[in-house]
Structure formats: C-alpha cells, structure tokens
Ligand code: ADP
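Residue numbers (my numbering): 269 to 662.
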C-alpha cells in the first residue's frame, strides 16, 4: 500500500511516498520558496537527486507538480493508489493526543489553533486543503508534534502564572518534536528489549528538546507553550528569566514583535557566539579559539546536562539516554561534553564509538551505569506508520 507523508511549512513542502508495511521510501522531495520568487523543487529517486525550477505560486501548484512527478516516474499509475496521506501538524494543543483522520471538523480545529502556532498551523491547513483536493479518496491523517506529550501530568505542564492565563488563554506546556521523541523512545525500548523503561531522549537539532519517557509515555519535555523553552537552540534562547523581556522592552523601546524576533531568531548559539546558529560553524570557530563560540558550546552542553539530571530524578533513574537529530546524530564534540558532564551518575563515554556520525550505535562503555545511544530519528516513517494503521483500520 502506498502512503504519502507530508510536512507543509509556510513556504516549503516536504514529502515521502512509502510502500507500507515494508516502510520502503519510493520517492521523496522538497518544494522550496513556495509563493516567493525563484521557487524550485528537488526529487530523490533511486539514490539520485534531481533539481527542477518551477513557478510555485502556492501550495496547490506544488501539489500539482508533486502528483505529476508521481505519475511520470511510475510511482503510481493513478493517484487512487495513494491510500493515505499523513500530514505533520505542529500544534494540536490539548485537542489531540494521537493521530486522527482529517475531516472538515478536524481541519477547522487545526486552523482554530493557529494563534498557538502562527507560522506552522496555517501552512499545514493550506497543505491539507491542497492534498484533499487532489486526492479526495485517500484517508488524510493529522500527525501532531504535541500529541506524544499529552500524557504529561498537570504538575508538569502548568506554569506558576495566574491560573486564568491557563483557563482563559490556554497558556500551558505543550512541547514539540513529539513524533521524534516517540520514534526514538520506541526504538530505545526495542534495544532494551522491554517496555517498562526510563528513557531520556535528547532531540538536538536546530530546534532542540529533551523528554523524559516512562514506560513508553512522555512524562515531561523541555519545550513549553512554544518551542522557545528548554535548552539552548540554534537561534532560540530556551529557558530565561521572564522578567528580562519587560526590562529590555522598557530599555530599548522594542515592540512585542521585535522581542519575539530577538528571542527566536537572534539568540541561542547565534546570540552567544555572534558567529552562527549552525553548530558546525560554532564548532569551527571555537576550534580557532573564538571565546564566545567556546562559551556558547559550554552553555549549550550545560543546559542539556541540567535537563538530563532533572529527568533522572523525575524518572527515578534512567535506563537509556538517546541522542538524535542533526547535532545529536553528528556532533561528536557536543555528545562528549554532555556525557562527560554526567560523570557523577557513573556514565562513561566510549570515545571511539562516539566518533561515529549519523547511525545507530552505543556510545557509552560497557561498564557505564547508564547506556547512551545515538538513534537517528525518523519522523516521516512515524507519520507513514500511523497513517497506514488508520487506513487499514478504517
Ligand atoms: P532542524 O531542527 O532544522 O530539523 P536538524 O535536525 O537538521 O535541524 O539539525 C541541524 C543542526 O545539526 C545544525 O546545527 C547543524 O550544524 C547540526 N549538524 C549537522 N551535521 C553536523 C555535524 N557533522 N557536526 C556538527 N553538527 C552538525
């Protein structure tokens, strides 16, 4: 059965077509600069990457090109063969705790949640509408980044703010990257060979979050009301003292939008180092002795260590620490700084294994009290799996 996994952003659209249940990727691609000049798309097929310029005035036009590619490359003979389309949705708030089939009601709820994810949910709705139009007979599903975190207890997700902010304005912790945390923690349980486990997942990408997973259920995560909470990220500040914001607004005359831009786009690794939001650039600059880049790396690792320590206590121990996403899968240096900082727990790094990038491997020593693994994430296959399950269960 052919299942399409879709991730629609405001100006981009990523997709993969899977043969299920084999989980084989038949074709994948990304449409970029939708609605902007110089739009183009790239397709990956049989190990080959092809780039094509195309005028992509909106998402519907992009979906038109996508369907054309599927037919021309003989992925399908007719679009009817695509039985399910899984859409990644950033914010499902407390309305969705699992993947659901999209109908008009679900589509409206996702749209109504846009104030909580102003950049992402509107784009996802545009994507859903376009795909529902082109593939009206397929089962469309919504796979939420927040769903995996819906198992958190109240005491983890309520902020110590006026309670009415929660009841009247929905201000609470929702978390993000849930699909990745779910995938990696499930894989950790497979490796451990049981499901009664205490797992910490460190999703360290350009955005980053840590989660505590007890017996397969998330009990806390570092991202909050928005993705700008928790650890240091590429250009997001993560946890800060909230009173800094009114202080700087009064000092500089910055507006809420200016502040929003500063804490999301100009902070994190970029803000501290002044060099880049990309950890590779920061690593290179630190190697050359740039003091602010060295400081950025130290603060980055420290925040991750702090969260792991916090979750050790919350979980009552840890059976596995997992590293995933761009930095977690590839930055040997960052992993080393984090693991070395956890020595008090009897965790020991296997220096040689840690030199590996981008593949599943145990990076702790055999006598380490807690095993540490790199587990490459795969959010797309989770979208395909959930969608496949809903199609066959229909
Ligand atoms: P996104 O949140 O955009 O999905 P990714 O998971 O792709 O982000 O992670 C991007 C981050 O991974 C960047 O900071 C990048 O520098 C980092 N990264 C990728 N490859 C390496 C590498 N070989 N060494 C260090 N960092 C890397």
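For glycine and all other residues, C-beta sits at the position ideal for the given N, C-alpha and C. Being a predicted model, the structure only gives us computed values, none of them experimental.
ask   = When we look at the beta-carbon of residue 625 and count the other beta-carbons within 10 Å, is it buried (16 or more) or exposed?
value = Against the chain shown, residue 625 aligns to sequence position 357. That one is exposed.
Please list, in chain order, all residues with a C-beta atom less than 5 Å from at least one heavy atom of ligand 1. 473, 474, 475, 546, 547, 548, 593, 594, 595, 598, 599
Handout entry: N-terminal and C-terminal residue of the alpha helix (DSSP H) that residue 520 is part of
Key = To locate residue 520, count along the chain shown from 1; it is residue 252. 512–520 is the span of the alpha helix (DSSP H), which, as asked, contains residue 520.
Practice problem: Would you kindly work out how many angstroms separate the C-alpha atoms of residue 543 and residue 549, rounded to a whole number? | Solution: Position 275 of the chain shown, counting from 1, holds the residue named residue 543. Position 281 of the chain shown, counting from 1, holds the residue named residue 549. Straight-line Cα distance between these residues: approximately 7 Å.
Q. Buried or exposed: residue 394, going by 16 or more other Cβ atoms within 10 Å of its Cβ?
A. Position 126 of the chain shown, counted from the first residue, corresponds to residue 394. Classification for residue 394: buried.
Next on the checklist: Less than 7 Å between C-beta atoms, sequence neighbours within five positions excluded: which residues of the same chain meet that for residue 351?
Outcome noted: Position 83 of the chain shown, counted from the start, is the residue given in the question as residue 351. Contacts found: 269, 270, 271, 406, 407, 659.
message: Could you compute how far the alpha carbon of residue 569 sits from the alpha carbon of residue 513?
response: In the chain shown, the residue the question calls residue 569 occupies position 301. In the chain shown, the residue the question calls residue 513 occupies position 245. Their Cα atoms are separated by approximately 24 Å.
query = Per DSSP, residue 412 forms a beta bridge with which residues?
reply = Within the chain shown, residue 412 is the residue found at index 144, counting from 1. Its beta-bridge partners are 357.
| task | Quickly, what does DSSP pair residue 606 with across the bridge? List them, please. | result | By 1-based counting over the chain shown, the position of residue 606 is 338. Residue 606 pairs with nothing; no bridge assigned.
**Request:** Look at the Cβ atom of residue 511, then the Cβ atom of residue 547, and state whether they are nearer than 8 Å.
**Result:** Indexing the chain shown from 1 puts residue 511 at position 243. Indexing the chain shown from 1 puts residue 547 at position 279. No, the pair does not count as a contact, with Cβ atoms beyond the cut-off.
query: What residues in its chain sit with their C-beta under 6 Å from that of residue 439, if we drop five residues either side in the sequence?
result: As a position in the chain shown, residue 439 is number 171, starting the count at 1. For residue 439, where only same-chain residues beyond five positions count, the Cβ hits under 6 Å are 433, 493.
Going by DSSP in three states, residue 650 sits in which element: helix, strand or coil?
For the purposes of this step, residue 650 is taken as the residue at position 382 of the chain shown. Residue state, collapsed to three classes: helix.
- Message: At the level of alpha carbons, what is the spacing between residue 305 and residue 334?
- Response: Locating residue 305 in the chain shown gives position 37, counting from the first residue. Locating residue 334 in the chain shown gives position 66, counting from the first residue. Their Cα atoms are separated by approximately 19 Å.
**Prompt:** Assuming residue 476 and residue 499 make a contact with CB atoms under 8 Å, what is their CB distance in whole Å?
**Reply:** Here residue 476 refers to the residue found at position 208 of the chain shown. Here residue 499 refers to the residue found at position 231 of the chain shown. Confirmed, Cβ separation roughly 5 Å.
Original post:
Is the stretch 444–463 close to the stretch 580–591, with three or more CB pairs under 8 Å?
Top reply: yes
Confirm, please, whether the CB-CB distance from residue 299 to residue 309 is below 8 Å.
Numbered from its first residue, the chain shown carries residue 309 at position 41. Numbered from its first residue, the chain shown carries residue 299 at position 31. Contact flag set, yes.
- [ ] Report the three-state DSSP secondary structure of residue 554 (helix, strand or coil).
- [x] As a working note, residue 554 is residue 286 in the chain shown. Helix, per DSSP.
By the 10 Å Cβ neighbour count, where 16 or more other Cβ atoms means buried, how is residue 472 classified, buried or exposed?
-> To locate residue 472, count along the chain shown from 1; it is residue 204. Buried, because 16 or more other Cβ atoms sit within 10 Å of the Cβ of residue 472.
List the DSSP bridge partners of residue 572. Start at 1 with the first residue of the chain shown, and residue 572 comes out as number 304. Partner(s): none; residue 572 has no beta bridge.
Identify every run of the beta strand (DSSP E) within the stretch 330–403, keeping only runs that are complete inside it and at least 3 residues long; order them along the chain.
350–357
Would you kindly check if the distance between the Cβ of residue 274 and the Cβ of residue 353 is under 8 Å? Translated into the one-based positions of the chain shown, residue 353 becomes position 85. Translated into the one-based positions of the chain shown, residue 274 becomes position 6. Taking 8 Å as the Cβ cut-off, residue 353 and residue 274 qualify as a contacting pair.
Beta-bridge partners of residue 590, as assigned by DSSP: One-based indexing of the chain shown puts residue 590 at position 322. Paired residue(s): 469, 641.
Exercise. Taking the alpha-carbon positions, what's the residue 422 to residue 623 distance?
Worked result: What you label residue 422 is simply residue 154 of the chain shown in a count that begins at 1. What you label residue 623 is simply residue 355 of the chain shown in a count that begins at 1. The straight-line gap from Cα to Cα measures roughly 40 Å.
ask   = Expressed to the nearest angstrom, what Euclidean distance is found between the alpha-carbon atoms of residue 345 and residue 295?
value = Taking the chain shown and counting its residues from 1, the one referred to as residue 345 is at position 77. Taking the chain shown and counting its residues from 1, the one referred to as residue 295 is at position 27. One C-alpha to the other measures close to 14 Å.
| query | So which of 534, 617, 579 has the shortest CA-CA distance to residue 633? | reply | Start at 1 with the first residue of the chain shown, and residue 633 comes out as number 365. When only C-alpha atoms are compared, the closest one is 617.
* Determine, using beta carbons only, whether residue 652 and residue 291 come nearer to each other than 8 Å. => As a first step, residue 652 must be located in the chain shown, where it is residue number 384. As a first step, residue 291 must be located in the chain shown, where it is residue number 23. Cβ distance < 8 Å, so residue 652 and residue 291 count as in contact.
Cβ pair residue 367, residue 331 closer than 8 Å: In the chain shown, counting from the first residue as 1, residue 367 sits at position 99. In the chain shown, counting from the first residue as 1, residue 331 sits at position 63. Contact: no.
For the pair the stretch 564–581 and the stretch 599–608, tell me if three or more CB-CB distances fall below 8 Å. yes
message = Less than 8 Å between the beta carbons of residue 276 and residue 391, yes or no?
response = Here residue 276 is taken as the residue at index 8 of the chain shown, counted from 1. Here residue 391 is taken as the residue at index 123 of the chain shown, counted from 1. Contact: yes.
Among the residues of its own chain, which have a CB less than 6 Å from the CB of residue 398, if the five just before and after it don't count?
The residue you call residue 398 lines up with position 130 of the chain shown. Closer than 6 Å at Cβ, skipping near neighbours: 327, 328, 331.
- Query: Closest by CA to residue 381, which one among 402, 414, 496, 592?
  - Reply: Position 113 of the chain shown holds residue 381. Nearest of 402, 414, 496, 592 to residue 381, Cα basis: 414.
* Asked: Once you ignore the five residues that flank residue 667 on each side, which residues in its own chain have a CB closer than 6 Å to its CB?
  -> This structure cannot speak to residue 667, because the chain is shown only from 269 to 662.
query = Smallest Cα separation from residue 630: which of 642, 325, 638?
reply = The residue you call residue 630 lines up with position 362 of the chain shown. The shortest C-alpha separation from residue 630 is found at 642.
Checklist entry - CA-CA distance, residue 663 and residue 420? => result Because the chain is modelled from 269 through 662, residue 663 falls outside the range shown and cannot be assessed.
| Which of helix, strand or coil does DSSP assign to residue 672? | Any answer about residue 672 is impossible in this case: the structure gives the chain only from 269 up to 662.
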